[in-house]
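For the sequence shown, the residue numbers in full-length UniProt numbering are 1 to 488. Each residue gets a CB set at the ideal place from its N, CA and C atoms; glycine is no exception. The structure appears below as structure tokens.
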Amino acid sequence: MGSAASSSYRSIHLDVDGRIQKVVFSRFCSPCDIKELFCTAVGLPRNTTISLMDSTGAMVSIDPTIPKIMSFYAFKINELKTEVTNRLAMLEKRVELEGLKVVEIEKCRSDIKKLREEMASRNNRSVQLSTFQHLLCPTLYEYECEYGLLLSNDMGLTIFVKTTIIPYHLSKETIDALRQPIFDVWQWEPNEMLSCLEHMYHDLGLVRDFNINPITLKRWLLCIHDNYRNNPFHNFRHCFCVTQMMYSMIYLCNLQEKFSQLDILILMTAAVCHDLDHPGYNNTYQINARTELAVRYNDISPLENHHCAVAFQIFSQPECNIFSNFDAEAFKQIRQGTITLILATDMARHGEILDSFKQKVDSFDFTNEEHVTCLKMVLIKCCDISNEVRPMEVAEPWVDCLLEEYFMQSDREKAEGLPVAPFMDREKVTKPTAQIGFIKFVLIPMFETVMKLFPQIEEVMVQPLRESRDRYEELKQIDDAMNEVRHQ
Ligand SMILES: [Zn+2]
Numbered sequence: 001m002g003s004a005a006s007s008s009y010r011s012i013h014l015d016v017d018g019r020i021q022k023v024v025f026s027r028f029c030s031p032c033d034i035k036e037l038f039c040t041a042v043g044l045p046r047n048t049t050i051s052l053m054d055s056t057g058a059m060v061s062i063d064p065t066i067p068k069i070m071s072f073y074a075f076k077i078n079e080l081k082t083e084v085t086n087r088l089a090m091l092e093k094r095v096e097l098e099g100l101k102v103v104e105i106e107k108c109r110s111d112i113k114k115l116r117e118e119m120a121s122r123n124n125r126s127v128q129l130s131t132f133q134h135l136l137c138p139t140l141y142e143y144e145c146e147y148g149l150l151l152s153n154d155m156g157l158t159i160f161v162k163t164t165i166i167p168y169h170l171s172k173e174t175i176d177a178l179r180q181p182i183f184d185v186w187q188w189e190p191n192e193m194l195s196c197l198e199h200m201y202h203d204l205g206l207v208r209d210f211n212i213n214p215i216t217l218k219r220w221l222l223c224i225h226d227n228y229r230n231n232p233f234h235n236f237r238h239c240f241c242v243t244q245m246m247y248s249m250i251y252l253c254n255l256q257e258k259f260s261q262l263d264i265l266i267l268m269t270a271a272v273c274h275d276l277d278h279p280g281y282n283n284t285y286q287i288n289a290r291t292e293l294a295v296r297y298n299d300i301s302p303l304e305n306h307h308c309a310v311a312f313q314i315f316s317q318p319e320c321n322i323f324s325n326f327d328a329e330a331f332k333q334i335r336q337g338t339i340t341l342i343l344a345t346d347m348a349r350h351g352e353i354l355d356s357f358k359q360k361v362d363s364f365d366f367t368n369e370e371h372v373t374c375l376k377m378v379l380i381k382c383c384d385i386s387n388e389v390r391p392m393e394v395a396e397p398w399v400d401c402l403l404e405e406y407f408m409q410s411d412r413e414k415a416e417g418l419p420v421a422p423f424m425d426r427e428k429v430t431k432p433t434a435q436i437g438f439i440k441f442v443l444i445p446m447f448e449t450v451m452k453l454f455p456q457i458e459e460v461m462v463q464p465l466r467e468s469r470d471r472y473e474e475l476k477q478i479d480d481a482m483n484e485v486r487h488q
């Protein structure tokens, strides 16, 4: 390796329980990439929050500029305590899940035994057990709290499958609040958010109507959680927010009266999956930096295409496939519907999608498939950028998260000599300037168009947006006045 090439790399030593591990990384790596590398080196999940300490116990920031001289020391990795607590909670969730699997297998065994006995008692030698195999599949166990389910096969045999009641540890207050946009999304740990998401699928009747195996649902959601990265903004909590807003809108707009359950399933599932494995750098960066994603998807919505692909890779694993009961045609519909909605979340297509919806809204027809698809696209867009609909205390921290992610990108763009968008530049943007234009020219016009179809969103969703706009305009006036004083 020549000197020019080697100077592009940094190497440091990590002290892993007394064992010294050398780690080499490019100085063009982002802090996030380096953290992930360190985690892998010491055997932690890649999105664990860690801190780095030198031999004196002083904390050292993790970024590509870790001074070269420091490479003589071995650093220690400290996992943050809250992270450990979170991981513990997640592991407990996993144990609970695995425990349910055991219960499920036991139940399956006992049902097989009962069926064998029933067949023997009917003394019908021509009946083969294989005929019943589909009834024994755990995916057919219906989730139902109050009553069981009668299943018939074509031979007239009726089997009563006693159902398993899965306890939720959600309080009644939480369950009620979950249906409203004012829900406080910050007070929950990942395992609690998972229980909330699971509850939504049950509550909307999706588990019942599509015969979704409740254990598979749990496993799928856990896998979804594991495939969101720890970005400042595009993380699992954002996925939760978007899905919770979708759930609120389904109730607020009585969507279950207007849409088929398949459409409801598509809306919810697309919301859950819509930012899977988001790397924290937007499409513009992907394209300008000619990343692997941009090359793979020919610069056409590289991120959104990737989110979709990851979603369906997850569904391709049988233990996570909540659609395993679907026939080919139904799966095709859910796949097409989900892809359309996730691809619609690319903000580069905002104008095109909103214009198309505006053309339909005055003579909207819920029996017209094209109209319904367009409305679903607008709904997921609304939910994706709906933070400002939430109360100020809930919405405002998200602006800090978004700016942190933007600044991470613009710093990297500057370091790599790529173009930097002014709205991402820490020298140019402030919270009020970032929000005012976005609320006035993107959010309010879109929500007001949806309001033509669902007037009930005015009070609950549009009014908070107007208030937020006014508040940021006041904040901007204060900022401007302060700047004027400073320059006098
Ligand atoms: Zn999103």
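Buried/exposed call for residue i, threshold 16 Cβ in 10 Å
{"i": "residue 351", "result": "exposed"}
{"i": "residue 482", "result": "exposed"}
{"i": "residue 488", "result": "exposed"}
{"i": "residue 311", "result": "buried"}
{"i": "residue 12", "result": "buried"}
{"i": "residue 217", "result": "buried"}
{"i": "residue 245", "result": "buried"}
{"i": "residue 91", "result": "exposed"}
{"i": "residue 286", "result": "buried"}
{"i": "residue 169", "result": "exposed"}
{"i": "residue 255", "result": "buried"}
{"i": "residue 195", "result": "buried"}
{"i": "residue 10", "result": "buried"}
{"i": "residue 337", "result": "buried"}
Start-to-end residues for the beta strand (DSSP E) that takes in residue i
{"i": "residue 25", "result": "19 to 26"}
{"i": "residue 9", "result": "9 to 16"}
{"i": "residue 52", "result": "50 to 53"}
Reduced DSSP secondary structure (H/G/I, E/B, other) of residue i
{"i": "residue 105", "result": "helix"}
{"i": "residue 60", "result": "strand"}
{"i": "residue 300", "result": "coil"}
{"i": "residue 134", "result": "Here the model assigns residue 134 a pLDDT of 30, short of 50, so the residue's position is not dependable and the matter cannot be decided."}
{"i": "residue 460", "result": "helix"}
{"i": "residue 281", "result": "coil"}
{"i": "residue 470", "result": "helix"}
{"i": "residue 95", "result": "helix"}
{"i": "residue 410", "result": "helix"}
{"i": "residue 205", "result": "coil"}
{"i": "residue 37", "result": "helix"}
{"i": "residue 416", "result": "coil"}
{"i": "residue 488", "result": "coil"}
{"i": "residue 47", "result": "coil"}
{"i": "residue 150", "result": "Here residue 150 scores only 34 on pLDDT, less than 50, and its place in the model should not be relied on; the value that follows carries that caveat. Correct three-state label for residue 150: strand."}
{"i": "residue 403", "result": "helix"}
{"i": "residue 211", "result": "coil"}
{"i": "residue 480", "result": "helix"}
{"i": "residue 114", "result": "helix"}
{"i": "residue 248", "result": "helix"}
Run of the alpha helix (DSSP H) containing residue i, from where it starts to where it stops
{"i": "residue 226", "result": "214 to 226"}
{"i": "residue 289", "result": "Taken as a continuous stretch (DSSP letters only), residue 289 belongs to no alpha helix (DSSP H), as it is neither H nor E."}
{"i": "residue 328", "result": "328 to 343"}
{"i": "residue 177", "result": "172 to 177"}
{"i": "residue 271", "result": "261 to 273"}
{"i": "residue 373", "result": "369 to 384"}
{"i": "residue 449", "result": "444 to 453"}
{"i": "residue 527", "result": "No statement about residue 527 is possible, as the shown extent of the chain runs from 1 to 488 and does not include it."}
{"i": "residue 434", "result": "431 to 438"}
{"i": "residue 502", "result": "The chain is shown only over 1 to 488; residue 502 falls outside these bounds and no answer can be derived."}
Member of the options whose CA lies at the smallest distance from the CA of residue i
{"i": "residue 409", "options": "357, 473 and 232", "result": "232"}
{"i": "residue 472", "options": "449, 448, 459 and 436", "result": "436"}
{"i": "residue 264", "options": "412, 114 and 209", "result": "209"}
{"i": "residue 204", "options": "114, 260 and 488", "result": "260"}
{"i": "residue 105", "options": "213, 62 and 467", "result": "213"}
{"i": "residue 242", "options": "25, 427 and 384", "result": "384"}
{"i": "residue 429", "options": "476, 446 and 278", "result": "476"}
{"i": "residue 306", "options": "387, 274, 284 and 327", "result": "274"}
{"i": "residue 391", "options": "463, 296 and 281", "result": "463"}
{"i": "residue 63", "options": "465, 415, 422 and 427", "result": "415"}
{"i": "residue 268", "options": "361, 282 and 251", "result": "251"}
Supposed close pair residue i, residue j - CB separation, criterion 8 Å
{"i": "residue 343", "j": "residue 316", "result": "Not really, about 19 Å apart at Cβ, beyond 8 Å."}
{"i": "residue 189", "j": "residue 86", "result": "6 Å"}
{"i": "residue 97", "j": "residue 219", "result": "6 Å"}
{"i": "residue 266", "j": "residue 376", "result": "7 Å"}
{"i": "residue 206", "j": "residue 221", "result": "That pair is no contact at about 13 Å."}
{"i": "residue 374", "j": "residue 363", "result": "No, residue 374 and residue 363 are not in contact; Cβ-Cβ is about 13 Å, not under 8 Å."}
{"i": "residue 185", "j": "residue 394", "result": "6 Å"}
{"i": "residue 248", "j": "residue 318", "result": "Not really, about 32 Å apart at Cβ, beyond 8 Å."}
Ligand 2 heavy atom lying under 7 Å from the CB of residue i
{"i": "residue 243", "result": "Inclusion of ligand 2 in the displayed structure is not the case, the ligand content consisting of ligand 1 alone."}
Min CB distance residue i to chain C below 8 Å
{"i": "residue 305", "result": "Considering every chain present, this structure includes no chain C. It has just one protein chain."}
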